[in-house]
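First comes the structure, then the notes that go with it.
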Amino acid sequence: MNADTDPHIDFMNGFFLCCSIWNRGCFNYKLGSHIIFYSLSVVVEFPPGAGIIVPSASVIHGNIPIGTDERRHSATFFTAAGILCWYFNNFMNDNEFLD
1 MNADTDPHID FMNGFFLCCS IWNRGCFNYK LGSHIIFYSL SVVVEFPPGA
51 GIIVPSASVI HGNIPIGTDE RRHSATFFTA AGILCWYFNN FMNDNEFLD
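Take 1 as the starting number for the sequence shown in our numbering and just add one per residue.
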(Lines of atoms letter the chains of each structure in order from A; the text may use other names.)
(Lines give C-alpha, C1' and ligand atoms only; values in the text may rest on other atoms or scores of the structure.)
Protein backbone atom coordinates (compact mmCIF):
# COMPACT_ATOMS: atom_id res chain seq x y z
CA MET A 1 0.00 0.00 0.00
CA ASN A 2 1.46 3.34 -1.04
CA ALA A 3 -0.51 6.22 0.48
CA ASP A 4 0.38 9.52 -1.17
CA THR A 5 -1.67 12.57 -2.05
CA ASP A 6 -1.64 15.36 -4.60
CA PRO A 7 -1.62 18.98 -3.37
CA HIS A 8 -5.04 19.75 -1.89
CA ILE A 9 -7.10 21.61 0.70
CA ASP A 10 -9.73 19.67 2.67
CA PHE A 11 -12.77 21.86 1.99
CA MET A 12 -15.14 19.67 4.01
CA ASN A 13 -13.13 20.08 7.23
CA GLY A 14 -13.78 22.81 9.79
CA PHE A 15 -11.80 25.79 8.46
CA PHE A 16 -10.36 26.98 11.79
CA LEU A 17 -9.76 23.49 13.17
CA CYS A 18 -6.88 21.09 12.66
CA CYS A 19 -6.83 17.47 11.61
CA SER A 20 -4.34 14.93 12.85
CA ILE A 21 -2.48 12.54 10.56
CA TRP A 22 -0.82 9.37 11.80
CA ASN A 23 1.69 7.45 9.70
CA ARG A 24 2.93 3.86 9.83
CA GLY A 25 4.60 1.30 7.61
CA CYS A 26 8.00 0.09 6.52
CA PHE A 27 9.71 2.66 4.31
CA ASN A 28 12.74 4.94 4.08
CA TYR A 29 11.36 8.25 5.37
CA LYS A 30 14.55 10.04 4.26
CA LEU A 31 13.66 9.34 0.61
CA GLY A 32 9.85 9.48 0.63
CA SER A 33 6.63 10.20 2.52
CA HIS A 34 7.54 13.83 3.24
CA ILE A 35 4.60 16.14 3.92
CA ILE A 36 4.69 19.26 1.78
CA PHE A 37 2.93 22.46 2.84
CA TYR A 38 2.82 24.19 -0.53
CA SER A 39 1.33 27.47 0.64
CA LEU A 40 4.04 27.74 3.32
CA SER A 41 6.94 26.43 1.16
CA VAL A 42 7.80 23.88 3.87
CA VAL A 43 8.72 20.19 3.50
CA VAL A 44 8.70 17.94 6.60
CA GLU A 45 10.06 14.39 6.95
CA PHE A 46 7.30 12.07 8.18
CA PRO A 47 8.80 8.84 9.61
CA PRO A 48 6.81 5.69 10.50
CA GLY A 49 4.95 6.06 13.80
CA ALA A 50 4.89 9.85 13.59
CA GLY A 51 1.85 12.06 13.86
CA ILE A 52 1.22 15.66 12.92
CA ILE A 53 -1.55 18.20 13.44
CA VAL A 54 -2.41 20.23 10.33
CA PRO A 55 -4.89 23.04 9.57
CA SER A 56 -5.89 21.01 6.51
CA ALA A 57 -8.78 23.23 5.38
CA SER A 58 -6.64 26.34 5.18
CA VAL A 59 -3.17 25.14 4.07
CA ILE A 60 -2.44 23.46 0.72
CA HIS A 61 -0.71 20.18 1.55
CA GLY A 62 0.21 16.77 0.16
CA ASN A 63 2.98 14.21 0.41
CA ILE A 64 5.49 12.52 -1.84
CA PRO A 65 5.35 8.80 -2.67
CA ILE A 66 7.59 6.11 -1.23
CA GLY A 67 9.48 3.38 -3.07
CA THR A 68 7.50 0.79 -5.03
CA ASP A 69 8.73 -2.03 -2.76
CA GLU A 70 7.80 -0.17 0.46
CA ARG A 71 4.54 0.04 2.42
CA ARG A 72 2.95 3.07 4.04
CA HIS A 73 -0.43 3.51 5.71
CA SER A 74 -1.96 6.62 7.20
CA ALA A 75 -4.97 7.49 9.34
CA THR A 76 -6.51 10.95 9.39
CA PHE A 77 -8.81 12.36 12.05
CA PHE A 78 -10.78 15.55 11.39
CA THR A 79 -13.93 17.47 12.28
CA ALA A 80 -16.35 17.76 9.38
CA ALA A 81 -17.69 21.27 8.84
CA GLY A 82 -21.24 19.88 8.65
CA ILE A 83 -21.02 18.65 12.25
CA LEU A 84 -20.11 22.17 13.35
CA CYS A 85 -23.07 23.66 11.46
CA TRP A 86 -25.40 21.14 13.09
CA TYR A 87 -24.00 21.99 16.54
CA PHE A 88 -24.24 25.77 16.06
CA ASN A 89 -27.76 25.37 14.60
CA ASN A 90 -28.85 23.96 17.98
CA PHE A 91 -28.70 20.36 16.66
CA MET A 92 -30.82 21.08 13.56
CA ASN A 93 -29.94 21.05 9.88
CA ASP A 94 -29.94 24.37 8.00
CA ASN A 95 -33.51 23.99 6.70
CA GLU A 96 -34.91 23.21 10.17
CA PHE A 97 -32.93 26.06 11.70
CA LEU A 98 -34.15 28.63 9.15
CA ASP A 99 -37.85 27.64 9.55
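Every residue gets a Cβ at the ideal spot worked out from N, C-alpha and C, and that includes glycine.
Cβ-based neighbour list, residue i, same chain, cut-off 7 Å, excluding 5 preceding and 5 following
i	result
Tyr29	Glu45, Phe46, Pro47, Pro48
Ala75	Trp22
Extent of the continuous alpha helix (DSSP H) to which residue i belongs
i	result
Asn95	94-98
Nonlocal neighbours in the same chain, by C-beta distance under 8 Å from residue i, ignoring five residues either side
i	result
Phe97	Asn89, Asn90
Asp114	For residue 114 there is no data in the structure shown, the boundaries of the chain being 1 and 99.
Ala80	Met12, Asn13, Gly14
Asp6	Gly62
Met92	Trp86
Supposed contact pair residue j and residue i - C-beta distance, whole angstroms, cut 8 Å
i	j	result
Gly67	Phe27	7 Å
Pro18	Ile53	Here the sequence assigns Cys to residue 18, which means Pro is not the residue at that position. Indeed, because the Cβ distance is near 5 Å, the residues count as touching under 8 Å.
His34	Val43	5 Å
Handout entry: Complete runs of the beta strand (DSSP E) confined to the segment 2-86 [at least 3 residues]
Key = 5-8, 19-26, 35-37, 42-44, 51-54, 61-63, 71-77
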